[in-house]
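To start, the structure itself, in structure tokens.
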Amino acid sequence: MIYMEKSQDGNTITISLKGKITFENTGEIREKMKEILREENLSHLIFNMEEVPFIDSSGLGLLVSIKNTLIRKDGTFTLLNLSDTVKKIMKQTGLDRYFGIN
Amino acid sequence: MKKKDFKIELIAKKQNMEKEIKKDFNLNENFFNSLKKNFLQDKFTSISCKIVQNSTRQHIEKVVMFFELVLDTLEFIDTNTKTDIMLLISEALSNAVYHGNLKMPKEFRKEKSILEFEKHIAKTNPQLFDKIVKIESRISPEEFYFKISDSGDGFDYTKALEIESPPHPMEEYGRGIFIIKNSADEVSFEDRGKTLTITKHIGG
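These protein sequence lines are chains A and B, in that order.
The letter at position 87 of the first sequence is residue 106 when you use our numbering, and the numbering goes up by one with no holes.
The letter at position 49 of the second sequence is residue 160 when you use our numbering, and the numbering goes up by one with no holes.
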């Protein structure tokens, strides 16, 4: 199960996620994000990942797809508060730099 | 295959104990309560299991959760090792079910959700969910061994085995096999790609 909570401040939208992001739920997240990504004045999207303990290749693909969409819109997509496990997985797949993660 | 044949056969060893503990769990029933109550309270030194599951989400979720629970009870598994093993299981299992058995077309991965794909199968070809995945696994202080076989048509795995570096960061797909290769010490395919065997060394 994945829980998503949206908050908005001007042209910045923050989504707080709770749960693993894996092949079992990336489709649902993608569905929910479609609408948000369509919003015209969205220029900064933030995922608060504090309560995401795990991610697999399908979840990584989803994050990349969202990042690509935001880049096309001249916007930004930032991941905040990554758990050590998710950080490790992103480093392993060379995505840490693309997402500006230390 | 009859419903009651979907099961997990567990064999566990305890320190200073000659005898192995054997237990069978039925995947369709009250699996977690009986697993927690009857099995996972002990501290084991090694665990082996054989799993026969179908291709439904319920079984996938149970199997993933089963491994997570088991790993948490093993003292020799640290956080990093647990992450690697959970990645290996997650990637191998989703490949076996969604690519091997259910043959999910690319447009579903891209545009739609797995839920939608499952609804589509339920309407058009529900027998696909009966397709079996078999797993044999062993976790000891020395190594994690995981062998998974699907009932699909197989695939050309030679290219998959050649992958040495992760896909370009802007690429949406293709990280699964890289993650498997990168997190494991040995990876091999048999039976035209329908069987994948993974070994990861644990002990120093």
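C-beta: ideal position from N, C-alpha, C; glycine also.
These numbers were taken from a predicted model, which means no experiment stands behind them.
**Message:** Check whether the stretch 200 to 216 of chain B and the stretch 130 to 150 of chain B are in contact - that is, three or more C-beta pairs closer than 8 Å.
**Reply:** no
**Asked** Under a Cβ-count criterion, where at least 16 other Cβ atoms within 10 Å of its own Cβ denotes burial, should glycine 287(B) be classed as buried or exposed?
**Response** buried
**Asked** Cβ of leucine 213(B) less than 8 Å from any chain A Cβ?
**Response** no
**Request:** For isoleucine 235(B), collect the residues of the same chain with a Cβ closer than 7 Å to its Cβ; drop the 5 residues on either side in sequence, then sort them by chain order.
**Result:** According to the sequence provided, residue 235(B) is threonine. The question's isoleucine does not apply to it. Answer for threonine 235(B): no residue qualifies.
**Item:** Short Cβ contact (8 Å threshold) for leucine 81(A) with arginine 49(A)
**Value:** yes
**Asked** CA-CA distance, lysine 37(A) and phenylalanine 228(B)?
**Response** 24 Å
**Contiguous alpha helix (DSSP H) assignments of at least 4 residues, all confined to the stretch 211 to 235 of chain B** = 217 to 222, 225 to 235
**Continuous alpha helix (DSSP H) stretch holding valine 181(B): start and end** = 168 to 184
**Request:** May I ask you to report which of helix, strand or coil DSSP gives lysine 154(B)?
**Result:** coil
**Prompt:** Around the Cβ of glycine 314(B), are there at least 16 other Cβ atoms within 10 angstroms (buried) or fewer (exposed)?
**Reply:** exposed
**Prompt:** When the Cα of phenylalanine 142(B) is compared with those of Gly285(B), Asp264(B), Phe117(B), Ser157(B), which residue comes out closest?
**Reply:** Phe117(B)
**Prompt:** What residues in its chain sit with their C-beta under 8 Å from that of alanine 203(B), if we drop five residues either side in the sequence?
**Reply:** Phe257, Ile259, Ile291, Leu307, Ile309
**Message:** Please tell me whether proline 277(B) and glycine 78(A) are closer than 8 Å, where the distance is taken between their beta carbons.
**Reply:** no
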